[in-house]
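Novice:
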Amino acid sequence: MEILHSLGDLFLESVPTVIMVMVFYLLLRSTFFIPLTRVMDERKARTEGARREAEVSQAAAREKTRAYEEALRKARAAVYAEQDAARHVIMEQRASAARDARTRALERVQKEKDQIAQEVAAAHGQLLASTPQLAAEIVRTLLASNSGPRPASEAQ
-18 MEILHSLGDL FLESVPTVIM VMVFYLLLRS TFFIPLTRVM DERKARTEGA
32 RREAEVSQAA AREKTRAYEE ALRKARAAVY AEQDAARHVI MEQRASAARD
82 ARTRALERVQ KEKDQIAQEV AAAHGQLLAS TPQLAAEIVR TLLASNSGPR
132 PASEAQ
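Start counting the sequence shown at -18; every next residue gets the next number (my numbering).
1) Taking the alpha helix (DSSP H) that Phe5 falls in, what are its first and last residues?
2) According to the neighbour-count rule (16 or more other Cβ atoms, all chains shown, within 10 Å of its Cβ), is Ala136 buried or exposed?
3) Kindly list the residues whose CB is nearer than 6 angstroms to the CB of Tyr49, restricted to its own chain and excluding five residues on each side of it in sequence; keep chain order.
4) What's the C-alpha gap between Gln99 and Val90?
5) Look at the alpha carbon of Ala76 and the alpha carbon of Ala86, and state the distance between them as a whole number of angstroms.
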């Protein structure tokens, strides 16, 4: 029985310690663990909220980037179309200028050919007109050289 009595005394002596531990636990729980749990839950909620906001922001940024790239592609296509149209206009102007220059050159060549043909016809006409006179002069020169004194080299 002494053991039971010892156990009872030990139990009675441990009651204040158990009460102090319980009080300390309740005190720590109310002043440390509950606020700490609340802060950790709030931190988790804020982290999840920030993560969701970041995902939404990234999605919006991707959409804006896609829209920007699409607008940039359209603007480039418009600029290329304008450049192509301007190049076509310039090429058409060059072709037109080349056609005009070729036409003017052909007209000038034809005019010069006509003028040369007229000059040839005039020269031919002059030759025909002066042929009898030239022939008479040639005959006179030949006759005058045959009837005159011969040089010493021809007499031998």
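Where a beta carbon is used, it is the ideal one built from N, C-alpha and C, also for glycine.
Specialist: From the atom records:
1) Unbroken alpha helix (DSSP H) run through Phe5: -17 to 9.
2) Residue placement at Ala136 is flagged as unreliable, the pLDDT there being 46, under the threshold of 50; the coordinate-derived value follows with that caveat. With fewer than 16 other CB atoms across the displayed protein chains lying within 10 angstroms of its CB, Ala136 is exposed.
3) Here Tyr49 has no same chain residue with a Cβ atom under 6 angstroms from its own Cβ, once five neighbours each way along the sequence are excluded.
4) 14 angstroms
5) 15 angstroms
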